[in-house]
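Novice: Read the first sequence against the numbering used here and you will find it ends at 547, with the numbers running on by one and no gaps.
Structure provided below as structure tokens; questions to follow.
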Amino acid sequence: MQDHHTEDQDRRHEHLHLSSLPAARAGEETPRKTPVTDSARNTSKPVRVRIAASPTGKCHVGTARTALYNLLFARQRGGKFILRIDDTDVQRSTTESEQGVLEGLRWLGLEWDEGPDKGGPWGPYRQSERLQLYQRHAAELVEKDRAYYCFCSPEELERERKEALANGRMPRYSGRCRALSRADAEARRQAGERPVVRLKIEPLTMSFTDLVKGRIELDASLMGDPVILKSDGVPTYSYATVVDEHEMRISHVLRGADHTTNTFVQLQIYEALGFEPPEFGHFALLLNPDRSKISKRTGAVFIGEFRDEGYLPEAIVNHLALCGWNPGTDQEVFSFDGLQAAFALDQCSSSNAIFDRSKLLWLNGHYIRQLGVEELTRRTLPFLAGAGLVPSEPPAGPELERLKAIIGLEQERLKTLYEAPELVTFFFRDPDPAACLELLKTDRFARKHTPDELKRALAECAAALRELEDSSWTALPLKETLEGEAAKLGWKPPELFMPVRLTVSARQATPPLFETLECVGRSATLRRLLAVAGAP
RNA sequence: GGCGCCAUCGUCUAGUGGUUAGGACAGGUGGUUCUCAGCCAUCAGACCGGGGUUCGACUCCCCGUGGCGCUACCA
């Protein structure tokens, strides 16, 4: 009897441990019939991974990173990447609110193979559209006596919880309704009461081998019986996820570390349902700069915000990849294909990482410099149009050529697309002469001479420059002319070049002066020089 | 409170008993240069604390401490 009980427990225990390595059982007398190793299972099933997104209306960086890791894993194994909407929280979920999440992922280039918008063999891909499935399995669990109806009221539960806390005990469900007979439960349901369904937790010492964190253990006897179906018939997260992972043939559940502990409840649900659990891997979380849980309070955490701030999707993907994973080499810059080749779960960090903005900014600048001028111009267009510098319909012909020249000049000083309008405005609009004059008084090079001397010099420059025809208004002749003027004045080059720069752009930093003048154009340059030279 | 996970420069991290503890971003300095940016060079900067184990610990073990997570009819 005793033996039988032990063996029974042991067997169940084993079932819950399918993912543990056989080595952990070394010395066991009777070897398992078919010892299953992680690697054996990995190759025996087609790889299907998923991102389970809450329809919160926005795509969170954490969600994006998890999606990326899943996608990379799927692609390198020739598997499928599935997008599922976990919208069982009726309060927060609206039909439109999933749109933001989809947009964010898509903008990053993290395209899914199956999802709510494109269907697939195991849909629907919204949990709210699968309620009957959960309810059916829940009824089976009650039938099999692995779950039971619980009629305890939320108030009652809350009171017990507080009481336990006050007495320093762990708050967990007492299991009172376990004792209810099936007949009583049925009668009360007929009478109109709306119970929840709770899973009967087996008080086992459990463990599983996490693909990124290694072996993790937990004593299930410390858990209370969890609700799997709420009184309104909607499943709880842990339960719905188990049913879906199974029904959708998910082979590897790769998700955030906030789900590590939940995994044990889920393993018990798999066991109760008679489903073989998938592999699990939990990624360490992304944190705020103060090491607190990441939140919208502390700056941008949504993909859409980064897009609006002029970040490139490839920079974000690259940075996200490096936040929690490393290639084991000194390489920092990765294309998506490069990531796909290098990514590995066992190189993923198991300690939390701060989402570092400055490194992202550097990467963004790097990718901007890498882009062809044509492509960079195309991507910058929406920002320029937003600032009213160019019409919203894409320019063509000479207009486009000029725009490309301008963007080309600013390319290596651009860290985000968002900065573009501010940097290039002066190519399109004359600056305020008064503002230029102010700068002439404070700039460290211009300061070498009095405002009157400067105005005279600018007027002379204008006169000299006027001699250049439109056709020879290019960097080299411009350089020769202005160098000649500086020599004539007996000034060091910067003492003249800087005032010219300030006069033409009202900015202390611009691309190289002569290329800049070329792009600003003959008439605008002369007009601006004269405006400041003749300013009061 | 209980349980789980984690702990190397400011940040992301490499490192698996013996290393000048390496790289990248950010910061400092210098060079290139008409400014800025870029590029190049260079400097500074870390093993949470305490006990063990060991000839020898960043590395292994234990205890603290700290962070994060879970402990819901949220996901």
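We put the CB at the ideal spot given by N, CA and C, even for glycine.
Model, not experiment: these values are computed from the prediction.
Given that a residue counts as buried once 16 or more other Cβ atoms are within 10 Å of its Cβ, and exposed if not, what is Val344?
Specialist: Exposed, by the Cβ-count rule.
Novice: Can you name the start and end residues of the alpha helix (DSSP H) that Ile327 belongs to?
Specialist: Segment Pro324 to Leu333, the alpha helix (DSSP H) holding Ile327.
Novice: Could you give the distance in angstroms between the alpha-carbon of Lys56 and the alpha-carbon of Ala326?
Specialist: Lys56 and Ala326: Cα-Cα distance of roughly 33 angstroms.
Novice: Extract the residue ranges of the alpha helix (DSSP H) inside the region 135–169, only unbroken runs of 4 or more that lie entirely within it.
Specialist: Listed in chain order, they are 142–154.
Novice: Where Glu385 and Gly90 are concerned, what is the direct C-alpha to C-alpha distance, given to the nearest angstrom?
Specialist: Straight-line Cα distance between these residues: approximately 35 angstroms.
Novice: Just how far apart, CA to CA, sit Gly179 and Arg170?
Specialist: Between Gly179 and Arg170, the C-alpha separation is close to 14 angstroms.
Novice: Please identify the residue among Leu240, Leu265, Ala416 and Thr427 whose C-alpha is closest to the C-alpha of Pro324.
Specialist: Of the candidates Leu240, Leu265, Ala416 and Thr427, the one whose C-alpha sits nearest the C-alpha of Pro324 is Thr427.
Novice: Taking a contact to mean a Cβ-Cβ separation below 9 angstroms, would you say Leu528 touches Leu500 in this structure?
Specialist: No, they are not a contact pair.
Novice: Given that a residue counts as buried once 16 or more other Cβ atoms are within 10 Å of its Cβ, and exposed if not, what is Asp301?
Specialist: So Asp301 ends up on the exposed side.
Novice: Roughly how many whole angstroms lie between the Cα atoms of Leu537 and Ala64?
Specialist: Computed Cα separation, rounded: 58 angstroms.
Novice: Hey, how far is the Cα of Val72 from the Cα of Ser346?
Specialist: Whole-angstrom Cα-Cα distance: 18 angstroms.
Novice: Counting along the chain, where does the beta strand (DSSP E) carrying Met217 start and finish?
Specialist: First-last of the beta strand (DSSP E) with Met217: Thr216 to Asp221.
Novice: Which residue marks the beginning of the alpha helix (DSSP H) containing Ile314, and which one marks its end?
Specialist: That run of the alpha helix (DSSP H) goes Ile314 to Asp319.
Novice: With a Cβ-Cβ cutoff of 9 angstroms, do Gly68 and Leu94 count as a contact?
Specialist: The answer is no: Cβ separation not under 9 angstroms.
Novice: Which residue spans inside the region 236–288 form an unbroken beta strand (DSSP E) run of at least 3?
Specialist: Runs of the beta strand (DSSP E) inside the region 236–288: 238–240 and 263–267.
Novice: Spatial neighbours of Leu541 within its chain, please: CB distance less than 6 angstroms, with the 5 preceding and 5 following residues excluded, ordered by chain position.
Specialist: Taken in chain order, the residues that qualify are Ala473.
Novice: Determine which residues share a DSSP beta bridge with Val11 and list them.
Specialist: This structure cannot speak to residue 11, because the chain is shown only from 12 to 547.
Novice: Quick one: grab the DSSP three-state call for Trp373.
Specialist: Three-state result, Trp373: helix.
Novice: Using a Cβ distance threshold of 8 angstroms, determine whether the region 276–289 contacts the region 246–253, with at least three qualifying pairs required.
Specialist: At 8 angstroms Cβ cutoff, the stretches touch.
Novice: By Cβ distance, which residues of its chain are closer than 6 angstroms to Val401, with the 5 residues on each side in sequence left out?
Specialist: So the list reads Leu395, once near-sequence residues are dropped.
Novice: With 16 other CB atoms within 10 Å as the buried threshold, where does Gly203 fall?
Specialist: Exposed, since its Cβ has fewer than 16 Cβ neighbours within 10 Å.
Novice: Is the separation between the beta-carbon of Arg137 and that of Asp100 shorter than 9 angstroms?
Specialist: Their beta carbons are not under 9 angstroms apart, which means Arg137 does not touch Asp100 by this criterion.
Novice: Does the beta-carbon of Asp128 have 16 or more other beta-carbons within 10 angstroms, so that it is buried, or is it exposed?
Specialist: Per the 10 Å Cβ criterion, exposed.
Novice: With Phe92 as the anchor, note down where its beta strand (DSSP E) starts and where it stops.
Specialist: It spans Lys91 to Ile96 - the beta strand (DSSP E) in which Phe92 sits, taken as one unbroken run.
Novice: Looking only at its own chain, which residues have a Cβ that is under 8 angstroms from the Cβ of Pro206, when we skip the five neighbours before and after it?
Specialist: Around Pro206: Tyr160, Cys161, Phe162, Cys188, Ala196, Arg199, Arg200 and Ser242.
Novice: Which first and last residues belong to the alpha helix (DSSP H) in which Gly495 is found?
Specialist: Note, Gly495: alpha helix (DSSP H), Ala486 to Leu500.
Novice: Mind checking Gly115: buried by the 16 CB within 10 Å criterion, or exposed?
Specialist: By the 10 Å Cβ count, Gly115 comes out buried.
Novice: Alpha carbon to alpha carbon, how far is Pro214 from His263?
Specialist: Their Cα atoms are separated by approximately 26 angstroms.
Novice: Along the chain, where does the beta strand (DSSP E) containing Arg59 start, and where does it finish?
Specialist: Arg59 to Ala64 is the span of the beta strand (DSSP E), which, as asked, contains Arg59.
Novice: Taking the Cβ atom as the reference point for each residue, do Leu222 and Phe291 lie within a distance shorter than 9 angstroms?
Specialist: It is a contact, given that the beta carbons lie within the stated cut-off.
Novice: For Glu421 and Pro522, what's the separation of their Cα atoms in angstroms?
Specialist: For Glu421 and Pro522, the distance between alpha carbons rounds to 6 angstroms.
Novice: I need the straight-line Cα distance from Pro405 to Ile418, nearest angstrom please.
Specialist: The straight-line gap from Cα to Cα measures roughly 14 angstroms.
Novice: DSSP puts Ile227 in a beta bridge; with which residues?
Specialist: For Ile227, which the question treats as bridged, DSSP gives the partners Phe219.
Novice: Am I right that Leu82 and Leu121 are in contact with their C-beta atoms under 8 angstroms? What's the rounded C-beta distance?
Specialist: Sure, about 5 angstroms apart at Cβ, within 8 angstroms.
Novice: Less than 9 angstroms separating the beta-carbons of Pro165 and Lys173?
Specialist: No, these two residues do not count as a Cβ contact at 9 angstroms.
Novice: Taking Pro338 as the reference, give the member of Asp441, Asp348, His257 and Cys359 with the closest Cα.
Specialist: Ranking Asp441, Asp348, His257 and Cys359 by Cα distance to Pro338 puts Cys359 first.
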